[in-house]
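Colleague:
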Amino acid sequence: MVAARAGVSPATVSLVANGKTAGRVSVQIINRVEEAIDELNYVVDKVASSLSRGSSSYVILVAPDIANPFFGKVIAGVKDALGPTYQLLLSVSDVGQVPQAGDVRSLFAFRPAGLLVDAPNAQFLQDLAIEAPTVLLDAPDITSAPSVDMDVAAGARALAEHLASRGHQTVAYLDSVTATATFALRREAFLTRAEEVGMRAAAGEVPRSVIDLEDSSETFTQAWPGWHAEGVTAVVCATDTQAYGVLHAARALGVDVPGDLAVAGFDNLPYSQVSRPGLTSVELPGRELGHAAAAHLRALMEGREPDAAALLCSRLVVRESTGG
285 MVAARAGVSP ATVSLVANGK TAGRVSVQII NRVEEAIDEL NYVVDKVASS LSRGSSSYVI
345 LVAPDIANPF FGKVIAGVKD ALGPTYQLLL SVSDVGQVPQ AGDVRSLFAF RPAGLLVDAP
405 NAQFLQDLAI EAPTVLLDAP DITSAPSVDM DVAAGARALA EHLASRGHQT VAYLDSVTAT
465 ATFALRREAF LTRAEEVGMR AAAGEVPRSV IDLEDSSETF TQAWPGWHAE GVTAVVCATD
525 TQAYGVLHAA RALGVDVPGD LAVAGFDNLP YSQVSRPGLT SVELPGRELG HAAAAHLRAL
585 MEGREPDAAA LLCSRLVVRE STGG
C-alpha cells in the first residue's frame, strides 16, 4: 500500500523504512515514501523482520530492583552506546528481588540481537542457559560471559580509611536485601578495611533494607538504640538511597549528623550534593558502566572485535555528612 501510494517498489519502501537509503535512494523518492508512510500510519513489523533475519534489533537489559535510581544512570549509558540502530527492552524485578530466568527467557520470543545483565548472580545465568551475545555489568567474580566492572572495592576501602582518619572507632553497615555480588563485595571490602585500620564493626548480623527511603529509615530506627549503646559513631549504607532514609530517621530521632553520627553511602546520586547535610558517597560510574557494556555488546552483535574491557574506577566524594 505504501509502495502504491508513493509510486515505487516495495523494496524501495523497505530501504526507506529501515534507514538504508544511503547511496541507493534519491531525496525526492525518500520524501515521497515518508509522506506515504505518514498518511497510512505504517509501522515496520519488527517481529516479522526478525523472523526473516533470524534476530531483531532488540537488546534486552536485565536489571535487579529498578527502584534503585542508580540504574537510571546505567540505562542512559546503554541507550547512548546503542544509538538509534537498536531498541532497548527492560526486564526488571520487583523491589528487593533478583531477576528470574523464566521471565527473561520469555522475552526471547522477540529474537533479541543481544543481552545485557546488570549485577547478576551466578545461579541466574546458569538457569537462563540461552545462547546469544551477552555482556555482564558489575559482575565481580563471574566469568561465564564478558563483563564490564567497577572497582567498587577500592572506593569501599577509601571510605573506611576516611572514617578512621576522622577518629571513628565503631562503625555499622546497612546492607541491601537484593542478593547480588556487587553488594556483598562493597560490604566485605569496607568491613575488612575498617578492621585493618583499627575500627570495630557493630556486633550482630548486618541489617538489610529495601533500597528506598521508608524501609531504610525504619531499619535504622530499629537498629539505632543497640548501635548507640555500642558506641557506633558512623553508619555506611550500601546505596545513597538508603543513606537518605538514615538521614531522615536521624533527624526524627534528634541524632545530629555529623556531630553525633557520620553517614555515608555508595553511588553518588545527584541528590547527594544537595541533601542536608550533603552526603559523603563512593561514586560509582553508572553511565560509563552502561555505555562501556553496550559498546562491547554492540561490537559482538556486529561481528567486530570489542575493545578490551577496562575496570572502571570508583572514587570517594567527601561531604558534610562525615564532617568533610
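In my numbering, the protein residues as written are 285 to 608. Don't be surprised by glycine CBs; every beta carbon is placed ideally from N, CA and C.
Quick one: measure Cβ to Cβ for glycine 361 and histidine 512, integer angstroms, because I've assumed they're closer than 8 Å.
Modeller: Their Cβ separation, rounded to whole angstroms, is 40 Å, which puts glycine 361 and histidine 512 out of contact at 8 Å.
Colleague: Name, in chain order, the residues that DSSP records as bridge partners for valine 419.
Modeller: Leu400
Colleague: So arginine 471 and alanine 522 are in contact, right, with Cβ under 8 Å, and what is the actual spacing, rounded?
Modeller: 7 Å
Colleague: Hey, does aspartate 459 have any beta-carbon neighbour from chain D nearer than 8 Å?
Modeller: Checking the listed chains, one finds no chain D in this structure; it contains a single protein chain.
Colleague: Only counting the same chain, and skipping five residues up and downstream in sequence, which positions put a Cβ closer than 6 Å to that of serine 556?
Modeller: Closer than 6 Å at Cβ, skipping near neighbours: Asp524, Leu563, Ser565.
Colleague: What number of angstroms, rounded off, separates the C-alpha of valine 343 from the C-alpha of cysteine 597?
Modeller: 26 Å
Colleague: Please return the same chain residues whose Cβ sits closer than 6 Å to the Cβ of threonine 418, not counting the five positions on each side in sequence.
Modeller: Leu399, Ala429
Colleague: Could you check if threonine 369 is buried or exposed, using at least 16 other CB atoms within 10 Å of its CB as the buried criterion?
Modeller: exposed
Colleague: I'd like the list of long-range same chain contacts for lysine 363, defined as Cβ closer than 7 Å, with 5 residues on each side in sequence excluded.
Modeller: Leu372
Colleague: What is the rounded straight-line gap between the Cα of alanine 320 and the Cα of arginine 560?
Modeller: Cα to Cα, alanine 320 sits roughly 56 Å from arginine 560.
Colleague: Sorted by chain position, which residues of the same chain lie with C-beta nearer than 6 Å to aspartate 435's C-beta, five sequence neighbours on each side aside?
Modeller: Leu595, Cys597, Ser598
Colleague: Residues in its own chain within less than 8 Å of alanine 485 by CB, not counting five upstream and five downstream?
Modeller: Apart from the 5 residues on each side of it in sequence, alanine 485 sits with its Cβ closer than 8 Å to the Cβ of Thr454, Val455, Ala456, Tyr457, Leu475, Ala478, Glu479 in its chain, given in chain order.
Colleague: Short of 7 Å in beta carbon distance, which residues of its chain neighbour alanine 385, apart from the five on each side in sequence? Order them along the chain.
Modeller: Phe408, Asp411, Leu412
Colleague: Could you give the residue range of the alpha helix (DSSP H) that holds phenylalanine 354?
Modeller: Start and end: 354-366.
Colleague: Just reading off the alpha helix (DSSP H) that alanine 282 is part of, what are its end residues?
Modeller: The question about residue 282 has no answer, for the chain in this structure spans 285 to 608.
Colleague: Using a Cβ-Cβ cutoff of less than 6 Å, which residues in the same chain neighbour histidine 401 once the five nearest sequence positions on both sides are dropped?
Modeller: The question names histidine, yet the displayed sequence has valine at residue 401. Answer for valine 401: Val346, Leu420, listed in chain order.
Colleague: What's the gap between the Cα of serine 460 and the Cα of glutamate 498?
Modeller: 13 Å
Colleague: Does DSSP classify arginine 477 as helix, strand or coil?
Modeller: helix
Colleague: Can you tell me the Cβ-Cβ gap for asparagine 552 and glutamate 567, rounded? I've got them flagged as a contact below 8 Å.
Modeller: 4 Å
Colleague: Please identify the residue among Gln312, Val286, Gly303, Ser375 whose C-alpha is closest to the C-alpha of lysine 322.
Modeller: The sequence shown places aspartate at residue 322, not lysine. Considering only alpha carbons, the answer is Val286.
Colleague: Counting only the same chain and skipping the five closest in sequence on each side, list residues whose C-beta sits under 7 Å from that of phenylalanine 467.
Modeller: Its chain contains Asp459, Ser460, Ala522 as the residues whose beta carbon lies nearer than 7 Å to that of phenylalanine 467, once the 5 sequence neighbours on both sides are disregarded; these appear in chain order.
Colleague: What's the call for serine 293, buried or exposed, on a 16-neighbour Cβ count within 10 Å?
Modeller: exposed
Colleague: Extract the residue ranges of the alpha helix (DSSP H) inside the region 567-591, only unbroken runs of 4 or more that lie entirely within it.
Modeller: 570-585
Colleague: In whole angstroms, what is the alpha-carbon distance linking serine 336 and asparagine 302?
Modeller: With a pLDDT of 46 at serine 336, under the threshold of 50, the predicted position of this residue should be treated as unreliable, and no value is reported.
Colleague: Buried or exposed for asparagine 405, please, with buried defined as at least 16 other CB atoms from any protein chain shown within 10 angstroms of its CB.
Modeller: buried
Colleague: Is proline 509 buried or exposed, if buried means 16 or more other CB atoms sit within 10 Å of its CB?
Modeller: Under this definition proline 509 is an exposed residue.
Colleague: Does DSSP classify glycine 303 as helix, strand or coil?
Modeller: coil
Colleague: Take the Cβ of lysine 304 as the centre, count every other Cβ of all protein chains shown within 10 Å, and call the residue buried at 16 or more, exposed below.
Modeller: Within a 10 Å sphere around the beta-carbon of lysine 304 sit fewer than 16 other beta-carbons, which makes this residue exposed.
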